[in-house]
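Undergrad: Top line first, the protein sequences correspond to chains A and C.
Take the first sequence: its position 398, counted from the start at 1, is 398 in UniProt numbering, and no numbers get skipped.
Take the second sequence: its position 505, counted from the start at 1, is 505 in UniProt numbering, and no numbers get skipped.
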Amino acid sequence: MKKISILFYLLVLISCTKKLELKPESSLVVPSSIKDLESLLENNNAVMNLTPSLAQLSADEYFIPSQTDFLSLRNVTGRTTYLWEKDIFQGQTQITDWLTPYKAIFYANSVLGVLEQQPGSNDPAKAIVKGWALFVRAYSHYALVSTFSKAFDTQTSTTDLGIPIKLNAGIDQIEPRASVQQTYEQIIRDATQSAELLQQDIIPGKRNRPSKVAAYAFLARVYLSMRQYPQAEENADKALALYSVLTDFNNLSLTAFGAFDYNSVETIYFSEMNLSLYTQTAAFNSVVYGVDPELIGLYSSNDLRLPIYFRQNAAGNYNPKAINNISQIPFTGLATDEMYLIKAECLARRSEKDQALTLLNTLIQSRTQTGTFLPRTAESPQETLELILTERRKALVWRSLRWTDLKRLNLEGRNIVLTRVLNGQNYTLEPNSPKYVMPIPDDEIVLSGITQNMR
Amino acid sequence: MSCLALLSTFLFNQLTKFKKLNMKKTKPTIVLAMLCLIFSAKSQEKQANIQGRIIDEKQKPIPSASVRIKHTNKYATSNTSGTFTLQDVKLTDTLVITFIGYVTREVPVDKPLAYETVILASEENVLDLVEISTGYQTLPKERASGSFTQIDNKTINRNVGINILDRLEAVSSGMILNRGLAPATNNPKLSIRGRSTIFANTEPLIVLDGFPYEGSIDQINPADITSITILKDAAAASIWGTRAGNGVIVLTSKNGKFNQPMVIEASSTLTGTAKLDIFYSPQLSASEYIDLEALLFSKGYYTDEINRKYSPLTQAVETFIKRQAGQISAADSASQIESLKQQDIRKDIDRHLNRSQVYRQYQLNLKGGGSSNQYYFSAGYDKNLESQVSSNYERISLNANNSYLLLNEKLKLTGQVNFSSGTAREKFDTYLPFSPYEGLMGINGESLALTGALRQNYIDTAGRGKLLDWNYRPLDEREPNQSDQRIQYKINVGADYRILKSLTVSGSYQYLNENGDLQRLYQEQDYYARNLINRYSSISGIQTNRVIPIGGIQQEESQKTNSQILRFQLSYNAVLGEDHAINAIAGYEGSDGRIYNTGMTLYGYDPETATNGNQLINPRSYYPYFYDPGLSEQITTAPRQYNFTNINQSYYTNIAYTYLNKYTLSASARKDESNIFGVKASQKGVPLWSTGLVWNIANESFYHLDLLPILSFRATYGYNGNTDKTISGLLTVVNYGLNNPWGSNYARILNPPNPSLTWEKSRTWNLGLDFASRNNTLNGSIDLYRKDGQDLIGNSPIAMQTGIVSFKGNTAGLRTRGLDLLLNSKNLSGNFQWQSTYLLSYASDKVTSYKAKQGNNLSIVSGNYNNPLEGYPYNAVFSFPSAGLDANGAPRGYLNGEISKDYSAIITNQNPGELRYHGSSSPTYFGSLINTFTYHQFELSVNISYKLDYFFRRSQVFSGNLYTFRMDGYGERWQKPGDEALTKIPALNFPANNSANSFFQASEDLVEKADHIRLQDLRFAYSPEGLPIQKLGLSSASIFLYAKNMGLIWKATDQKIDPDYLNGYPHPLSLSVGINLKF
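(1) Using a Cβ-Cβ cutoff of less than 7 angstroms, which residues in the same chain neighbour C:L895 once the five nearest sequence positions on both sides are dropped?
(2) Below 8 angstroms CB to CB, which residues in the same chain sit around C:M23 once its five sequence neighbours on both sides are set aside?
(3) Touch check for the stretch 809-829 of chain C and the stretch 843-851 of chain C: three-plus C-beta pairs under 8 angstroms?
(4) Taking 8 angstroms as the CB-CB cut-off, is C:F990 touching chain A?
(5) Any C-beta of chain A sitting closer than 8 angstroms to the C-beta of C:Y511?
(6) I need the straight-line Cα distance from C:L231 to C:I278, nearest angstrom please.
(7) Let me see if you follow: with CB-CB separation under 8 angstroms, is A:E383 close to chain C or not?
(8) For C:V126, would you say it is in contact with chain A, using Cβ-to-Cβ distances shorter than 8 angstroms as the test?
(9) Can you check DSSP and say which residues form a bridge with A:L50?
(10) Would A:G205 pass as an interface residue toward chain C - the criterion being a Cβ-Cβ separation below 8 angstroms?
(11) Quick one: which residues of the stretch 71-104 of chain A get their C-beta closer than 7 angstroms to a C-beta of chain C? List them in chain order.
(12) Using a Cβ-Cβ cut-off of less than 9 angstroms, list which residues of the stretch 653-685 of chain C approach chain A; keep chain order.
(13) Going straight from the alpha carbon of C:L353 to that of C:E426, what length do you get?
(14) Do we get a CB-CB distance below 8 angstroms when we pair C:Q559 with the residues of chain A?
(15) Find out if the Cβ-Cβ distance for the pair A:A314, C:N457 is shorter than 8 angstroms.
(16) Would you mind sorting C:P991 into buried or exposed? The rule is 16 or more other CB atoms within 10 Å of its CB.
(17) Do you know how far the Cα of C:T544 is from the Cα of C:I533?
(18) According to DSSP, which residues form a beta bridge with A:A259?
(19) Taking 8 angstroms as the CB-CB cut-off, is A:Q328 touching chain C?
(20) Is the Cβ-Cβ distance between C:A316 and C:L340 less than 8 angstroms?
(21) Identify the residues that DSSP records as bridge partners of C:T664: which are they?
(22) Do you know how far the Cα of A:L37 is from the Cα of A:L115?
(23) When you compare the CB of C:R748 with every CB in chain A, is at least one pair closer than 8 angstroms?
(24) Let's see if you can read the secondary structure: which residues bound the beta strand (DSSP E) around A:F70?
(25) So the alpha helix (DSSP H) A:L341 belongs to, where does it begin and stop?
(26) Reducing DSSP to helix, strand and coil, say where C:Y642 ends up.
(27) Hey, could you find the ends of the alpha helix (DSSP H) C:H1012 is sitting in?
(28) Whole angstroms are fine: how far does the CA of C:L251 sit from the CA of C:I151?
(29) Does DSSP put A:D442 in a helix, a strand or coil?
(30) Relative to the C-alpha of C:T964, which residue among C:L869, C:S435, C:F1000 and C:N1076 is closest?
(31) May I ask you to report which of helix, strand or coil DSSP gives A:Q118?
(32) To which residues of the same chain is A:A143 closer than 7 angstroms at the C-beta, ignoring the five residues directly before and after it?
(33) Distance check for C:S1003 and C:Q554, CA to CA, integer angstroms please.
(34) My output table needs one value for C:P891: the three-state DSSP class, helix, strand or coil.
(35) Going by other Cβ atoms of all chains shown within 10 Å of its Cβ, with 16 needed for buried, is A:K407 buried or exposed?
(36) Which bits of chain C does A:K19 rub up against, with CB to CB less than 9 angstroms?
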């Protein structure tokens, strides 16, 4: 028996019990530190810094020259969206335009969940991470609501269907669609809180991260889309007060494919289009689509944006180059030029004609060949507004902003009708048509039972 | 006459003694002993000279058998006529008679006789007497309640495969090699008794010499394996706990025997295999494809590629472009097209890139033992020339096993050292044709430049001579550029100490180290290196700026596996009184397995000096492509590293109690703990148990059925387990050390929190019957089983608003039911013998619970395994009912019971009731019939295998909406009105309608019955005997011919498809010739 008990002691000595705590894989982490949480918010691989592409596909910044070109588009959604068809996904599932923003929200909520369980939030680094997560949540909810819901309209916003609002990472909770009103309220609440928590300045070299500047700039964009101009102006002011740098386009290369990179100085917050192989949204050098010639015609010959933003293709049409980005994927983030335009538009809307023109001219001058700049003038605030809205198209081209502009401006009775001509046939999109609201992917409807949009 | 009487008394005594001694049941047909000892004189000194003769069951003498006096070094060897002489033998001595391949016999010398004839029974005929090994203990089979299958050495050696698992195909009931199942699904290479899980590990546990084998299976040389035991049910496998959910394959290495003179065995096998049937994989002929391209070209399908200038285009499209631009005449164009139509790239691949396989196997071993030691040494060498000219494989294996008995046989020490080194060499990026009419070799034997990543007329002018040659010439790159070497050392040591007569304590330890080194070198002149260097080059003036320096590119991966296992065990084996027997074990086992992976890429690599230019590349920069500045990429130069840790510890016990040799009750229990990530300590372990019963009906006094002298009934019940270490209970993040464009490290969420995560369990019933008829002309077993998988990990789809598309949790249940039948019959005996083995297995699984809702009918048809439907098998085959083609050749289906062409609505329909269910894609019935014919020294064995009641879906069939050339059925497509009555293949449609394509690929028109019968293999052996063999100093020799992959005898489908080879090419006919020599 003695031998057995010696054996028993030996056994206890060599047992593996302590080792059971070892991680099975070196790459696995249960996130807790600031560094762990930051690494989640830094994930730009199909999660962060991405916005939907359906808006750009549906808007009027491009055209497809011929039926042949149209038929050569390999992605079915590229074709159905161009013609504003009812069923744009044609049975495809896991549509990233819907999924990716919710993935970003899931990450943000996971980060917020971890922070909530940690007592004592005096650590300034924690406040910044919390602000960052809230910003991501707001930015992603906005990406969804601007694509899958009607534009904000005070008349109907409490009954119009918004999107499911996700405020925690629990995957067992399925949310119904909130109203448009509730959705925007949540977006503004999150963005406002993030503005309080985030560090003031843009981090040079890390423009994928938000800052106070970004939170204000984002709020300005959201309020503008809601046609709440005083609040839009207030936030554009706050943003511009902190950061108002404009690039002199005379210092940029006219011939390079890209004059920009991931940290272009005008970029306040970087995001890009969630590309799903849609030929006509990326900055491909391709003859199957071209930038709308009418839009190209708006640029005067001394406007440096013409050679810096565009290149001519083999068919003589224009394709976009990389704008505020290094790759072919279109930039959709926040930049100072947008703030100038929001501020100018709001000024014009409250009849501050001269202030609005000064701001506008500052922007245009930085885009114009040195020595050729002629300041814009206008007779009335109304004329100023028209001028600014045209400049807005030229400045913010290819950033997915045209679609939300169309939605909001048509609500003001501007009556913009979109037309496509294909194979001798005309296709039109009437103002305020239900087709301005994208269908929610079928697999979401099936699994969560939320209400589909009527198109 | 008195001598005869004496003899028979003696015989009877010996028989009964033998029986008791071994606690084994002897079968009456096998004559174990016939003795006639005649002692000469010297009886008063109780010493004698003994003469004897050793023969086999066919009365043939056995030469070179060893006759040793137990506990001495005194021995004799039988001569060519099988006779031997031993002098001065004490009457208390025992003779130990051994010969390789035969059951060792001990014959006590206690009767004064002088001449002895000993019949040795060949091992293969006494299989049922051999004890079975569970890896923890060996048990007498008649007391084992579990469902075990023994595979003897002869069966292992029937097949010549270099992988031990390949040799198990179609020779064991309940086990199937899963050929033809979709590789994307969670299907193992080999299944034992169907499925018991959905998403967790599906591979059976492999145990080698008592320890779970953590190395790669290719490192085991089958020639070193003496026997295999397959543990199938809960009682058999529960001793292996959570790793036994998919069954256990216990491999036992060869070893020497005590008191065995040294035996040397040498064997060599040469296998030749025909070339792959390159025409098996369907594709459009050059002519068909060019016509299709012409049509697509006229519709502008290629516009975008053409205008992008660098996108690759086929030779035919280039010709159309030139003709359209007026650069060539109509006549030139026509003649160019005509000449392309004559080509077939498959002929060139067959001629220049493929070859017949040649496999060579050599093995030499020597084994034997003295009274207190046994040893086995072996060396093996394999050299394979694979079916592609650039691929080959080499393996060297060395083994040494030793055991010693010390301290008056109370202590047994064992030591085992194994070394193996396997190297696979191949060309990594094999050539994949861009069109069906490419040609590898020009008319003058020159290597042709073919379409690579870029368009030919682009690379002809790109860089105007300032770039490296950008042509892709596959024929120049047929040398292997990748070597994957695995070197393994394995050391086992063990000590068994008998504390009391029936109590043994043992300790054993295994250390395994396997280093895998993969090196892939693209030489400077290789297309891969030139293409990459050019892609990131830029030209300013006369200067070429290169990001990647000129030189080779070397990619390296290394994987080091380190595993240690330690075990302590107490074994108690006792016979109490006449009626009670107990076999019990209890023990502890701990294991620590680590895997370290590293990898890196070296640019500008010079193999001569082993230097590289990685420091010249800025890994943070985005480098634009030469041919499209709009595309840019980072070039990673940093090494990658990741590690895995696998810690397990287990406490186990197994007790069997036998009463009156009629009733055995067994019970086992085991607790497993593992380093599962992110769960509470209490959830890291799981207790599992099983219980069983054996009733030897034939031993009952009331049993008098002479026809079936052996009959016993078995029943077991218990739990097996399984784990999926990839999921965790807490919010888990995986950080691969990747950086985003802003230079920050980022991580990915692996799984959302799941506080209720538990282990998978499988509750298993097994009922079995073992029987043998008189004279053993018919014996066999039948087993019925049922496995209920509970708390299985299920991959539930979830609404995208949660941020994920699927969620893994313990949501599913799966029931598998089956039957294993084994029948052996001796149909003819005498000079011409005929034996048959018949195997039949039935296995059918059904998902009993799956909480998640299905996406739509298309996801059920195309990916049921992602998301199995309740009430159907995991590998269920569904389809959309088809209404055939309409008058324009468009496919038609049904929507809400009506014929419909609304493909989008059909595929997104959410009512599974509108689908057709065919069956499983895994055979429900399978087995084989092995007939063996023996005539004197010749033996012929034929194995016919069958797989029945299952289905497959044809893939890559022309749907009218797919325009690649790797398609089937294009020639049968609808082409003119009226064709709809003759064909199911739709008309060509442009532009492609994705929904129509999805519908057709999933329609019932493409589902076929997979049932087939195959001539599995054929083996012919000649074992010469007598003088010629002895002259060469051999004790035995055999030569065999073995043929495999001879094709199908019958199949249910009319398609030219072998259901076992739905992906890739069928294994071509292979012929082996081999020789085994024993000295």
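The beta-carbon is built from N, C-alpha and C at its ideal position, and this holds for glycine as well.
TA: Reading off the structure:
(1) Cβ neighbours of C:L895 beyond the five flanking positions: D902, A905, I906 and N909.
(2) Only weak support exists for where C:M23 lies, its pLDDT of 38 falling under 50; the coordinates are left without a value.
(3) With a cut-off of 8 angstroms on Cβ pairs, the stretch 809-829 of chain C is in contact with the stretch 843-851 of chain C, counting three or more such pairs.
(4) Taking Cβ atoms only, chain A reaches closer than 8 angstroms to C:F990, which makes this a yes.
(5) For C:Y511, no Cβ of chain A is located within less than 8 angstroms of the residue's own Cβ.
(6) Their Cα atoms are separated by approximately 40 angstroms.
(7) Chain C, which has no Cβ nearer than 8 angstroms to the Cβ of A:E383, makes this no.
(8) Since pLDDT at C:V126 reaches only 44, below the 50 mark, its modelled position is unreliable, and the value read off the structure follows with that caveat. With 8 angstroms as the cut-off, C:V126 does not count as an interface residue toward chain A.
(9) The partner list for A:L50 (beta bridge, DSSP) reads A:E272.
(10) A:G205 has a beta carbon lying within less than 8 angstroms of a beta carbon in chain C.
(11) Against chain C - using a Cβ distance shorter than 7 angstroms - the residues of the stretch 71-104 of chain A are L71, S72, V76, D87, Q90, G91, T93, Q94, W98, L99, Y102 and K103.
(12) Within the stretch 653-685 of chain C, the residues whose Cβ lies closer than 9 angstroms to any Cβ of chain A are, in chain order, E673, S674, N675, I676, F677, G678, A681, K684 and G685.
(13) Looking at the two C-alpha atoms, the distance is approximately 12 angstroms.
(14) By this cut-off, C:Q559 is not an interface position.
(15) Going by C-beta atoms, A:A314 is not nearer than 8 angstroms to C:N457.
(16) Buried: at least 16 other Cβ atoms inside 10 Å.
(17) Straight-line Cα distance between these residues: approximately 11 angstroms.
(18) As far as DSSP is concerned, A:A259 takes part in no beta bridge.
(19) Judged by the 8 angstroms Cβ criterion, A:Q328 is in contact with chain C.
(20) Contact flag set, yes.
(21) Answer is C:T658 and C:V694.
(22) Those two C-alpha atoms are separated by around 9 angstroms.
(23) Using a CB distance cut-off of 8 angstroms, C:R748 counts as an interface residue toward chain A.
(24) Note, A:F70: premise wrong, no beta strand (DSSP E); alpha helix (DSSP H) at Q67 to L71.
(25) Annotation for A:L341: the continuous alpha helix (DSSP H) segment containing it runs T336 to R349.
(26) Under the three-state reduction of DSSP output, C:Y642 falls in the strand class.
(27) Premise fails: C:H1012 lies in the beta strand (DSSP E), H1012 to Y1022, not in any alpha helix (DSSP H).
(28) Cα to Cα, the separation comes out at about 10 angstroms.
(29) In this structure, A:D442 counts as helix in the three-state DSSP scheme.
(30) The closest CA to that of C:T964, considering only C:L869, C:S435, C:F1000 and C:N1076, is found on C:S435.
(31) Three-state DSSP puts A:Q118 in coil, outside helix and strand.
(32) If we look at A:A143 and ignore the five residues flanking it on each side, its Cβ neighbours are T51, P52 and P101.
(33) For C:Q554 and C:S1003, the gap between their C-alpha atoms comes out near 46 angstroms.
(34) Three-state result, C:P891: strand.
(35) A:K407 is classed as buried because its beta carbon has at least 16 other beta carbons within 10 Å across all chains shown.
(36) Here the neighbours are G590, D592, T645, I647, Q649 and N675.
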